[in-house]
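Same order as they appear, the protein sequences are chains A and B.
Positions 15 to 130 (my numbering) are the ones given, in order, by the first sequence.
Positions 197 to 1079 (my numbering) are the ones given, in order, by the second sequence.
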Amino acid sequence: VAMGERKSEVLQGTLDLMILKSLQALGPLHGFGIARRIEQVSEDVLQLNEGTVYTSLLRLQQQNWISAKWGTSEKNRKARFYSITKRGLKQLQVETENWERISGVIGRVLGLERQG
Amino acid sequence: MRRLRTWVVKMRGMFGLQKEDEEFDAEVREHLELLTDRFMGRGMQRKEAVRAARQQFGNRTRVIERHREGGMVLWMANLSRDMRYAARQLWSNPAFTVVMVLTLGLSIGANSAIFSVVDSVLLKSLPYPEPERIVRVFLSGRAFPRFSLNPFDFRDYRQRSKSFESVAAYVRADAQLLDGGEAVRLNGFGVTAGYFRVLGLKPELGREFDETAEVPGSGSQVILSDRLWRTRFGASGQIVGQKVTLDMQPYTVVGVMPPGTQHPGNEYHALAYGESVDVWRPFTFEGNPAHRGSHFLDGIGRLKPGITTEQAQAELNSVMAQMAKEHPADEGWQMLVVPLFVEIVGTSRRILLVLLGAVGMVLLIACANAANLLLSRASARRREVAVRLALGASRGRLIRQLLTESLLISLLGGGLALVIAVSAMKSLLSLLPLDFPRVHEIQVSVPVFVFTLLVSIATGVLFGLAPALQASRTDPKTGLQQGSRGGVGERSRLRNVLVISEVSLACLLLIGAGLMLRSLLNLIHLDPGFEQQHLLTASLTFPKAHYKDDTSIIRFDDQLVATVGAMSGVQFAGAGSDLPWTGYDENAGFNIEGKRTAPHEEFHARYHMASPDYFRALGIPLLQGRFYTVNDNKDAPQGVIINQAMADRYWPHEDAVGKRITYSNTPKDKDWITVVGVVGNVKDKPNSAGAEPAMWWSMDQNPSESMSLVVRSETNPQLLTDAVRSAVKRLDPTLAVADIRVMDEIVNASVASPRVAFVLVGLFAGLAMVLAAIGTYGVIAYSVSQRTSEFGLRLALGAQREDVLRMVMVQAANLVVGGALLGLVLALTLSRVVKSLIYEVSPTDPMTFAIVGLLVIGAAAIACYIPARRATKVDPMIALRAE
Chain A
15 VAMGERKSEV LQGTLDLMIL KSLQALGPLH GFGIARRIEQ VSEDVLQLNE
65 GTVYTSLLRL QQQNWISAKW GTSEKNRKAR FYSITKRGLK QLQVETENWE
115 RISGVIGRVL GLERQG
Chain B
197 MRRLRTWVVK MRGMFGLQKE DEEFDAEVRE HLELLTDRFM GRGMQRKEAV
247 RAARQQFGNR TRVIERHREG GMVLWMANLS RDMRYAARQL WSNPAFTVVM
297 VLTLGLSIGA NSAIFSVVDS VLLKSLPYPE PERIVRVFLS GRAFPRFSLN
347 PFDFRDYRQR SKSFESVAAY VRADAQLLDG GEAVRLNGFG VTAGYFRVLG
397 LKPELGREFD ETAEVPGSGS QVILSDRLWR TRFGASGQIV GQKVTLDMQP
447 YTVVGVMPPG TQHPGNEYHA LAYGESVDVW RPFTFEGNPA HRGSHFLDGI
497 GRLKPGITTE QAQAELNSVM AQMAKEHPAD EGWQMLVVPL FVEIVGTSRR
547 ILLVLLGAVG MVLLIACANA ANLLLSRASA RRREVAVRLA LGASRGRLIR
597 QLLTESLLIS LLGGGLALVI AVSAMKSLLS LLPLDFPRVH EIQVSVPVFV
647 FTLLVSIATG VLFGLAPALQ ASRTDPKTGL QQGSRGGVGE RSRLRNVLVI
697 SEVSLACLLL IGAGLMLRSL LNLIHLDPGF EQQHLLTASL TFPKAHYKDD
747 TSIIRFDDQL VATVGAMSGV QFAGAGSDLP WTGYDENAGF NIEGKRTAPH
797 EEFHARYHMA SPDYFRALGI PLLQGRFYTV NDNKDAPQGV IINQAMADRY
847 WPHEDAVGKR ITYSNTPKDK DWITVVGVVG NVKDKPNSAG AEPAMWWSMD
897 QNPSESMSLV VRSETNPQLL TDAVRSAVKR LDPTLAVADI RVMDEIVNAS
947 VASPRVAFVL VGLFAGLAMV LAAIGTYGVI AYSVSQRTSE FGLRLALGAQ
997 REDVLRMVMV QAANLVVGGA LLGLVLALTL SRVVKSLIYE VSPTDPMTFA
1047 IVGLLVIGAA AIACYIPARR ATKVDPMIAL RAE
């Protein structure tokens, strides 16, 4: 993707889902790590204000879907590591199914239109 | 706005959010740092990299603020949602809410009321600057563990001791003020220089006495109380330097004390603590400084900073040892230094703590009741809880929700409690004896509000936690099934434990109340040694200016006694130096003809004066010899009447009448005093075990400066009040008649403390019993309702109604008898707590224990019988169909 092209804004709900998924896939991560992971998988399609990751992390913590623990970063500094909880796993499953259903429906709707 | 922000910051600190904020800042900083490193790794300059990192991170401040708000807002939102939900729950169940709030309000209110007394008396510091440095100073000997000081001894301590910033002595010295032709008696003290410096108080006008005022004949000075200055001298600003007439003599006003000048309490002719003093005059050191035998001064001192009570006592003891070498009369005495606070509140400490304990138990019982009610309601709400759990509410949220409900109840109760406490305060104060320490300072103040708030919160958590924990353990699957009984076993076990503890605590309180009742009855019915009914008493003090010699006092005494004795309705009229149980305690040492004391001991007795009919009027019986007659006057040989205790102490197995004593160490013939009569013992105090040796001189031979009149009337003694007043006025219009009282009042005042202990503990015990009965009723009724179908089945299978009744009653008996036994055991182990509060009854008195045990079981039986009977009324068909 060339520079100057418009990137898509990340929807709030989808950011939560992406974080849950990242934590499920990679295990405990700190905020910076999560931002890198999202950057990596989105292949620069999505534009992310990395600060919003933290707002999302707080929300997820308050829902008890993730938990936080202090640990040491790669550079041997104190950092907060987030990991997904059992509830979070359940939620991820529910949300994933939801997402698939909705995106399936939307895909079908859009596909029909294109055909029509 | 800034203030609001600081407030928010403070609140966040309180709830542990402050640390959270700092940690989040650090986390964001670290993130930016890592981003910067990454950009620099791609070959950017640091400055550029920092900018790029910031851009990629987005608005840092907004993120931090969002984070902050997010935590707070969620917290607040949950709270307000819980509160609204709880309020709706309570509103939809008004009977439940009213019962809970009422019982909690009553119990917390009782706690707040007692706490306001405890706070004002035991917790608030004394109304003097740096009160912890003020101490009382006493002599202490083998016969008298707390004794007053000798004036010249005091002057030596003052000079030689280095422990005190200032030390002073004082003695009761009432004064008489003529105001508009009416004579008024004022409460007064003679005080040494520096008395107010010890207390840390400064006169509002003028100054305090200096040492020159202590010299006899140095000119009469007086310091007035604020109250006297306002009521009798029109609050005149020019009062200092003016002359006022006290005791028919001119006194120069040197100062006026500010309002709130509290009397620190005294031993001799004790005056109640508080703003009780009207005038202070200088104490003058009269007589021969070598004479160290007479003791009548109260000592008080302000310790130098850093000096402890023990150090001061040790130092005074070494001074005293030195003085004993100079003055033989000082031998055998030790010094006793007591912090003023301990001295003032010492005796009331235990009774207050016992009351606080009692009222705390009432609250525990109320908590148990509330928990029980919540538990039975929780069964009704099982479906609701199950639905909420199934819908994904976390256990923590659910517990928080249920606790919010119980907290709301207890806070409502706390509000009611404050209303109750404030309105009960007046009756509580009127119950307390007037000489109760700091009684005038007692009020419902800020600490009481804080206490009530904290107790309410603690109560809410205490009674709400167990039910909330249990409810949260509901299994959403079984909970949703109609009529399921899952978890009932555990729940009813908890309810049983609660009932047993309620019953045992109520039992404990009832035993306490029972012991106090028996002790009060003992005190009231005990033989005081005199007849207290139909007695009118009054006291008079003769101003030296008018009554210059003994003859004038004797003449007045004789005339007054004769006039009053001749009035119609009067059986006997007598006069004496004092009355029983009014705190009089003057003692003297003497020699006995033909007897020797053990070394370092002396023959001693309390001495009084009495007119011929004094004993007849009081109803004190003559055991041997004779009473005084009009012939026991100045011309007759000196005689003395002694009490049984003195006869037994000094002439055991002998006839005391006719024996002789003397005050002289080298007696001549005229110095001998003959025992002419022996009278019965009068208890020293209403609750003392017996009487100390006492003797009475003939008033006509040894008149005293103040006299007490005793009139035995044939009818209601109160009717004689005016006649006695006018009789005094006719003889001398300048004399003030003070303390006109019926003897019953003195007797009542003397048992006021045990009475208040009984009334309050009795009240709490009654409340406890009612609460425990309600609790027992609730549990049995609930269990009966749970077992309706079981009873129906049993009845259908041919069980008799009596069998069902018996089943329920046996279940109830297990709880109640268990609780009662536990209560009795608790009472046995706690018996030493009340030991010092009760009189002539054992703290393990079997009768009290037995009666209380039966009472509790009886009350519980009635409480259980109602639901048990309902169980027998079950219609088998309906009960079975309901299943």
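Just so it is clear, CB atoms sit at the ideal spot from N, CA and C, and this is done for glycine as well.
{"Item": "Return the residues of the stretch 239 to 258 of chain B that lie within a Cβ-Cβ distance of less than 7 Å from chain A, sorted by chain order.", "Value": "252, 253, 254, 255 and 256"}
{"Item": "Could you give the DSSP three-state label for residue 389 of chain B: helix, strand or coil?", "Value": "coil"}
{"Item": "Of all the CB atoms in chain A, is at least one closer than 7 Å to the CB of residue 578 of chain B?", "Value": "no"}
{"Item": "Can you check whether the C-beta of residue 275 of chain B is within less than 7 Å of a C-beta belonging to chain A?", "Value": "no"}
{"Item": "Tell whether a beta-carbon distance below 7 Å holds between residue 821 of chain B and residue 766 of chain B.", "Value": "no"}
{"Item": "Using a cut-off of 8 Å between C-beta atoms, extract the partners of residue 57 of chain A located in chain E.", "Value": "No chain E appears in this structure, whose protein chains are A and B."}
{"Item": "Which same chain residues end up closer than 6 Å to residue 559 of chain B when comparing Cβ atoms and leaving out the 5 residues on each side of it in sequence?", "Value": "303 and 307"}
{"Item": "Taking 7 Å as the threshold (C-beta atoms), are residue 344 of chain B and residue 493 of chain B in contact?", "Value": "yes"}
{"Item": "Using the beta-carbon of each residue, which ones in chain B are nearer than 8 Å to residue 91 of chain A?", "Value": "226"}
{"Item": "Any C-beta of chain B within less than 7 Å: which residues of the stretch 33 to 50 of chain A qualify?", "Value": "45 and 46"}
{"Item": "How would you label residue 879 of chain B, buried or exposed, when you count the other beta carbons within 10 angstroms and need 16 or more for buried?", "Value": "buried"}
{"Item": "For residue 653 of chain B, which three-state DSSP category applies?", "Value": "helix"}
{"Item": "Does DSSP put residue 841 of chain B in a helix, in a strand, or in coil?", "Value": "helix"}
{"Item": "In whole angstroms, what is the alpha-carbon distance linking residue 1006 of chain B and residue 290 of chain B?", "Value": "33 Å"}
{"Item": "Any beta carbon of chain B sitting closer than 7 Å to that of residue 63 of chain A?", "Value": "yes"}
{"Item": "Report the residue ranges of all alpha helix (DSSP H) runs contained in full by the stretch 514 to 574 of chain B; include only those spanning at least 4 residues, in chain order.", "Value": "none"}
{"Item": "Give me the Cα-Cα distance between residue 259 of chain B and residue 647 of chain B, rounded to the nearest whole angstrom.", "Value": "41 Å"}
{"Item": "At a Cβ cut of 9 Å, what residues of the stretch 621 to 639 of chain B count as close to chain A, listed as they run along the chain?", "Value": "none"}
{"Item": "Cβ atoms of residue 800 of chain B and residue 787 of chain B: under 7 Å apart, would you say?", "Value": "no"}
{"Item": "Give me the Cα-Cα distance between residue 430 of chain B and residue 424 of chain B, rounded to the nearest whole angstrom.", "Value": "9 Å"}
{"Item": "State yes or no: is the C-beta of residue 51 of chain A within less than 7 Å of the C-beta of residue 36 of chain A?", "Value": "yes"}
{"Item": "Compare the C-beta of residue 499 of chain B against all C-beta atoms of chain A and say whether one is closer than 7 Å.", "Value": "no"}
{"Item": "From residue 370 of chain B to residue 896 of chain B, what does the alpha carbon distance come to, in whole angstroms?", "Value": "23 Å"}
{"Item": "Could you tell me whether any Cβ in chain B is nearer than 7 Å to the Cβ of residue 68 of chain A?", "Value": "yes"}
{"Item": "Could you pull out every unbroken alpha helix (DSSP H) segment of at least 4 residues lying fully inside the stretch 367 to 434 of chain B, listed in chain order?", "Value": "391 to 395 and 422 to 429"}
{"Item": "In terms of residue numbering, what span does the alpha helix (DSSP H) encompassing residue 605 of chain B cover?", "Value": "591 to 627"}
{"Item": "Are the C-beta of residue 122 of chain A and some C-beta of chain B separated by less than 7 Å?", "Value": "no"}
{"Item": "I'd like the ranges of any beta strand (DSSP E) spanning at least 3 consecutive residues and lying wholly in the stretch 338 to 370 of chain B.", "Value": "360 to 368"}
{"Item": "Pick out the complete beta strand (DSSP E) segments inside the stretch 264 to 328 of chain B, 3 residues or longer, and give them in chain order.", "Value": "none"}
{"Item": "So, is the C-beta of residue 72 of chain A closer than 7 Å to a C-beta in chain B?", "Value": "yes"}
{"Item": "Classify residue 868 of chain B as helix, strand or coil using the three-state DSSP reduction.", "Value": "coil"}
{"Item": "Using a Cβ cut-off of 7 Å (strictly closer), state whether residue 695 of chain B contacts chain A.", "Value": "no"}
{"Item": "Buried or exposed: where does residue 981 of chain B fall if 16 or more other Cβ atoms within 10 Å of its Cβ makes it buried?", "Value": "exposed"}
{"Item": "I'd like the span of the beta strand (DSSP E) that includes residue 787 of chain B, first residue to last.", "Value": "783 to 788"}
{"Item": "Using DSSP's beta-bridge definition, name the partner residues of residue 92 of chain A.", "Value": "A:86"}
{"Item": "Going by alpha carbons, who is nearest to residue 906 of chain B out of B:245, B:807 and B:554?", "Value": "B:807"}
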